[in-house]
Amino acid sequence: MQPLLEMKDITKIYPNGVAANEGACFSLAEGEIHAVAGENGAGKSTLMKMLSGAEKPTSGEIFFRGERVNFRSAKDAQALGIGMVWQHFMLVNEFPVYRNIFLGCEDCGKLGFLREKKMRAAAEELAGKYDMAMDIRAKCGDLPVGQAQKVEILKVLARGAKVLILDEPTAVLTPQETEELFRQLLLLKEDGCSIVIITHKLREIKRLCDRVTVMRAGRTLGTYEVSEVTEEDISRLMVGSSVKTEPDKLPFSPGEEVAAVSDLHIAGRGGKEAVSGVSFAVHRGEILGLAGVEGNGQKEAAEVLCGLVPKYRGSVTVEGQELDGRSVRRIRALGVAHIPEDRLRTGCDPDGSIFDNLIALCCDSESRLGFLKEKRLKARVKEVIGRYSVKGTPGQKMRSLSGGNMQKVIVARELEASPVLLVADQPTRGVDIGSIAFIHQKLTELRDRGGAVLLVSADMSEMFALSDRILVFHGGEIVAEITDVQGTSEEQLGRYMLGIDRMEVTHG
């Protein structure tokens, strides 16, 4: 049977000489849901960018219904019904839903005026057809993440797409939103759409997909029927060896309090409070998870302990010392470390070397009379690179590293400071499965040594794998404290996150 789309012997070499793909192949059958899996830097996103017309291959061929095609831009791919939904949404927050759906292909009259009534009706009809009904007059900036993603999918469908490529579509969704997305994707499949999902989530591949193509180091290892392979098989193909999904850790035995917030209030946007009267403490030997749909205050509640956001009421202490008036530098001196959510913007100097980024926190201790002890630092950096399995050299620029290796450098820098408290914000977002397992083990080892970890994560499996206790945020408040983590289902956690259920919480 002839494939709907086929990519043969695709190679992509960038001007700097980096080969993202080498002889990669891919085929998509009509009416299937097909996963593309691989480690960070495996070339899966680049391959799909070429299929969507966003990038051009250096060599190789692309066929649509048996005919060779040459995509000069994304418009050429769209003309054949191919559309891509990016991991980072591209919505105009100030525009209502219906304007975003038809952005760039608006219905204008002869005089050039928008036919807004007609656009609203068309948006409602399209959303209803695929069970994605929502308030199409609402501003996109006010939508929860799950609904914003629906708008992105509707944007692609409004342009006549019959092939949808989704990049890590469940990265920031709750379990309920993920289930809803899967139901909608199955509806699209029934309607004749073919769907490609770029993902590293093995359970989701098994749950949703018909076939999976596994990539490693820019090449295609093979395409497999999902019903004929296990999660372990896919994992082994992706990284070349078996990967442990659960870190080794000692039984939970919390020690004394390391950090605490009491009656915490943090200002948000539009006169609202981001955090409203929250109290909690984290202890030695504990990983405390702060769960919540993005934008519900958990991020701010964690960042206040790093001195990154101001409070206007309440108490924040580390090792019994009030943080009022302390700079980020002075808070770090108390033993607080931070893995930021955005590794490129705030986690590192992307144009600096691995060496520069690793020594950023130890310049004072490794200098004499203002001069760095360079020989000792070089030896230390080389040793850390080896111990954290970073694939790179000390002089290599951070920007040139894969997401997984870049994140390992940031994790190494923070953990090598021997913190008493580590605030880890989305520590494995956009990172491959091998790096996820490695980072999880390092965070667990800090906890086992008596350190405290405050974990903010949108990844439910990560929250359950690492946390000893979970506080759930909704609307800037703590709505649940989960002490029996293993006895709680993802579905129940999702109900707390969405504000459907709540429990009486006196002090977290």
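For the sequence shown, this note's numbering assigns the number 5 to the initial residue and increments by one for each residue that follows.
Every residue gets a Cβ at the ideal spot worked out from N, C-alpha and C, and that includes glycine.
No experiment lies behind these values; they were computed from the predicted model shown.
The Cβ atoms of ARG163 and PRO100 do not sit closer than 7 Å to each other. THR62 and THR15 do touch by the CB rule: their CB atoms are close to 5 Å apart, below 8 Å. When the five nearest sequence neighbours on each side are left out, the beta carbons in the same chain lying within less than 6 Å of the beta carbon of GLU345 are those of ASP429 and GLN430, in order along the chain. Fewer than three Cβ pairs drawn from the stretch 129-137 and the stretch 73-80 lie within less than 8 Å of each other, which leaves the two stretches out of contact. With a 10 Å radius around the Cβ and a threshold of 16 neighbouring Cβ atoms, SER239 comes out buried. Counting only the Cα atoms, LYS210 lies some 15 Å from GLU172. Here TYR316 is exposed, its C-beta having fewer than 16 other C-beta atoms within 10 Å. Residue pairing by DSSP places LEU475 opposite LEU294 and GLU485 in a beta bridge.
When secondary structure is reduced to three states using DSSP, LYS401 falls in the strand class. The stretch 482-495 and the stretch 440-460 do not touch, with fewer than three beta-carbon pairs separated by less than 8 Å. CA-to-CA, the gap between ILE169 and VAL243 works out to about 23 Å. Rounded to the nearest whole angstrom, the C-alpha separation of LEU192 and TYR134 is 7 Å. By the Cβ rule, the stretch 87-102 does not count as touching the stretch 26-43, because fewer than three pairs are nearer than 8 Å. With fewer than 16 neighbouring CB atoms inside 10 Å of its own CB, GLY275 falls in the exposed class. Counting only unbroken stretches of 4 or more residues, the alpha helix (DSSP H) elements lying wholly within the stretch 174-241 are 179-194 and 206-212, in sequence order. Taking the Cβ atoms as the reference, PRO179 lies roughly 13 Å from GLU466, outside the contact range of under 8 Å.
When Cβ pairs closer than 8 Å are counted between the two stretches, the stretch 300-309 is seen to touch the stretch 250-265, the count reaching three or more. In the structure shown, THR62 falls within a coil segment according to DSSP collapsed to helix, strand and coil.
Shown here, HIS38 sits in a strand according to DSSP, grouped into three states.
Contact between the stretch 223-231 and the stretch 198-215 is established, with three or more Cβ pairs separated by less than 8 Å.
Counting along the chain, the unbroken beta strand (DSSP E) around GLY87 starts and ends at 86-89. ILE37 places its beta carbon 7 Å or farther from that of VAL89.
Per DSSP, reduced to three states, the secondary structure at ALA33 is coil, with no helix or strand assignment. Secondary structure in the stretch 398-469: the alpha helix (DSSP H) runs of 4 residues or longer, each lying completely within the stretch, are 407-419 and 437-452 in chain order. The Cβ neighbour count for SER393, taken over all protein chains shown within 10 Å, is under 16; the residue is labelled exposed. Under the criterion of beta carbons closer than 8 Å, THR492 and ARG473 do not qualify as touching, at roughly 11 Å.
Straight-line measurement puts the Cα of VAL415 at about 7 Å from the Cα of ILE343.
Across the set MET136, LEU161 and ALA295, the C-alpha of MET136 shows the shortest separation from the C-alpha of GLN188. Annotation for GLY85: GLY164, ALA165, LYS166 and VAL167 place their beta carbon closer than 8 Å to its own, counting only its chain and skipping 5 residues before and after. If you look at SER49, you'll find it in the alpha helix (DSSP H) that goes 48-55.
Annotation for LYS12: no alpha helix (DSSP H) segment contains it, though the beta strand (DSSP E) segment containing it runs 9-17. GLU156: member of the alpha helix (DSSP H) spanning 149-162, first to last residue.
PRO423 is a Cβ neighbour of ALA341, given a cutoff of 7 Å.
Here PRO148 has VAL297 as same chain residues with Cβ atoms under 7 Å from its own Cβ, once five neighbours each way along the sequence are excluded. Between ALA305 and VAL279, the beta carbon gap of about 5 Å places them in contact (Cβ cut-off 8 Å). With 16 or more other Cβ atoms inside 10 Å of its own Cβ, CYS144 counts as buried.
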